[in-house]
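Residue numbers (the numbering used here): 4 to 403.
Beta carbons: idealized from backbone N, C-alpha and C, even for Gly.
Nothing here was measured: the structure is a model prediction, and the numbers come from that model.
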Amino acid sequence: MTSTPSTSPGLPRTDPGLGPATRTLLVLAAGAAVLAAVHFASGVLAPLFLAAVIIIICHPVRFPLEARGWPRWAATMVVVVVAYLILAAFLAMLVWAGFRFAELVQSYIPQLAASVADVEDQLAATGIDTQITDTVTSWLQPSNILSVAGTVSGTVVTIGTAFFFVLAYAVFMAVDAARYSTAREHFGTTRADAIDRSTRFSTGVRRYYVVNATFGAVVAVVDGVALWLLNVPGAGIWAILAFVTNFVPNIGFVLGLVPPMVMGFVVGGWQLALAVVAVYCVVNVVLQVFVQPKFVADAVSLSLTLSFVSVVFWTFVIGPLGAILAIPLTLLVRALVLEGDPRNNWLRWLSGDDVTDGVPADRTDHLADDAVVPPDAEGAAETETVDATPDVETGQDRAR
C-alpha cells in the first residue's frame, strides 16, 4: 500500500523538480550532443548556413520590386540572381588569389632560401640563443611556406566544391523566404515574439555584413595601393586577402598581414617587411580596431570577447567557413536560446546585448511613457481597491 503526500486545502502543491546544478548539467550535455552532431555533419550544414546568410542579405531586394507590382515569383528570381552574383564574385576572388599565391611562392623559393640563410647568420652573429634562432628560421623554411601554399589551395578547392551545394540551397531558400515574409500577416498576434526575434536576427546579419564589406573594401584598396607602391609582389592577392579576412573578427588583421610581410621580407629584407607591418598597423589597426568595432557593436550587439571566441569555436565546429559565419551563428544561438525568455536578459546583457531587466534599453523610455496612468483611471483604481487575503482554513477569499 502506497501513501501519497497530504496537502492542506488552499495551499499549492510543491514539486521540488530538478535542482539548478542538475538542470545546468543537462543543458550542457544536450548542447554538447547538438554541437557534436553539427560537427559530424559540417560538410552539409556549413554550405547550408552560408546559403541562408546570403539569402538573408539579398532578401530586401524583393521589396521595392513587389511594391512596383512585380509578381512574387519574378522578385524571387531577382533575389536568386543577386545571390548567385555575390557567390560567383566571392568564389572567383578566392580561386584566383589561392592559386596565384601558390604560383608566387614557388617562383620565389630561391630568394626565400637565401633570405632565411641571411637571417640565420645575422641572428647567430648577435649572440642569440641557438634554439631561438632555429625556431625563427624554421618558420621561414621553403618547405613550410610551400606546405602553407598547398593548404591554401586545398582550402580554396574545398570551398569551391561546397559552393555547388550553396547554389542549390539558395534557390529553395529564396522561394521559402518569399513565403516567410508574410508570416506577420498570418500570425502577427499569436507569434509576434518569434517573428520579432527572427526579424532582429536577420537585420543584425545584414548590418554586420554591410559594415564589414564597406570597411573591408576600404582596407583592401588602401593596402593594395600601398603594397604596389612598395613593390611587394602580389599586391592584388594581398588586397583580396585583406578584404576576405576583414570578415573574420579580431584575428583577421593578423591573418591578412603575415603573407605580405613574408613576401616583403623575401624580396626586400627586413626593412621592407617592417614597412609592410607599419602600413598594415596604420591602416588596419585604425580602421579595424578603433573604428569598425563601434559600427559592428551597434549592428549586432556582441561583446569583443564573445566575437573573438566565436571565431575559434565555429571554425572548430564547422570548418573554415565557421570563421566567416561566426557572428551570424552566434546571433542565431542567442536568438534561439536566450531571447525567448525574459529571465535570460542577464545572459543576453553579458553577451553584449543592450537589454535591461525587463525590456531592451532603447525601448525603456517609450514603455515608461506608455505606462502613464490617466487621472480618471487612477482615481477609480483608488476607490475600488480591495484587500483580498486568501483564507487558508476555508479555501475562500476574504474581502476586508
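Secondary structure of residue i, DSSP reduced to three states
| i | result |
| --- | --- |
| VAL358 | strand |
| TRP73 | coil |
| GLY237 | coil |
| LEU370 | Because LEU370 sits at a pLDDT of 42, beneath the cut-off of 50, its placement in the model cannot be relied upon, and the point is left open. |
| ASN348 | helix |
| TYR111 | coil |
| ALA92 | helix |
| VAL375 | In this predicted model, VAL375 has a pLDDT of only 41, less than 50, meaning its place in the structure is not dependable; the value taken from the coordinates is given anyway. Three-state DSSP puts VAL375 in coil, outside helix and strand. |
| THR206 | helix |
| LEU335 | helix |
| ASP365 | For ASP365, the predicted structure reports a pLDDT of 48, less than 50, and the residue's modelled location is therefore unreliable. A value from the coordinates is still provided. Correct three-state label for ASP365: helix. |
| ARG435 | Residue 435 lies beyond the range of the chain shown here (4 to 403); nothing can be said about it. |
| PRO252 | coil |
| PRO23 | helix |
| GLY34 | helix |
| SER304 | coil |
| GLU106 | helix |
Option in the options with minimal Cα separation from residue i
| i | options | result |
| --- | --- | --- |
| VAL174 | VAL81, VAL299 and PHE93 | VAL81 |
| VAL83 | PRO63, ALA95 and VAL98 | PRO63 |
| ALA276 | ALA32, PHE268 and ARG103 | PHE268 |
| SER110 | VAL315, ASN347, ARG346 and GLY237 | GLY237 |
| PHE311 | VAL340, VAL280, VAL251 and ASP356 | VAL251 |
| ARG182 | ARG75, THR333, LYS297 and ARG351 | ARG75 |
| VAL225 | VAL289, LEU107 and LEU339 | VAL289 |
Range of the contiguous alpha helix (DSSP H) that encloses residue i
| i | result |
| --- | --- |
| HIS189 | 186–190 |
| GLN274 | 255–283 |
| ALA55 | 45–61 |
| PHE319 | 307–321 |
Cβ neighbour criterion (16 or more within 10 Å) applied to residue i
| i | result |
| --- | --- |
| GLY22 | exposed |
| LEU232 | exposed |
| GLU342 | buried |
| CYS61 | buried |
| GLN274 | exposed |
| PHE104 | buried |
| GLY207 | buried |
| TRP349 | exposed |
| PRO331 | buried |
| LEU307 | exposed |
| ALA86 | buried |
| ALA338 | buried |
| GLY72 | exposed |
Cutoff 7 angstroms; reference residue i; Cβ partners in own chain excluding five residues on either side
| i | result |
| --- | --- |
| LEU51 | TYR172 |
| LEU309 | THR333, SER354 and GLY355 |
Proximal residues to residue i (C-beta, below 6 angstroms), its chain only, five neighbours per side dropped
| i | result |
| --- | --- |
| GLY259 | LEU244, ALA245 and THR248 |
| SER45 | ILE321 and GLY322 |
| ALA78 | ARG65, LEU68 and GLU69 |
| TYR212 | ILE60 |
Cβ-based neighbour list, residue i, same chain, cut-off 8 angstroms, excluding 5 preceding and 5 following
| i | result |
| --- | --- |
| THR318 | GLY325, ALA326 and ALA329 |
| PHE256 | THR248, TYR283, ASN287, VAL288, GLN291 and VAL292 |
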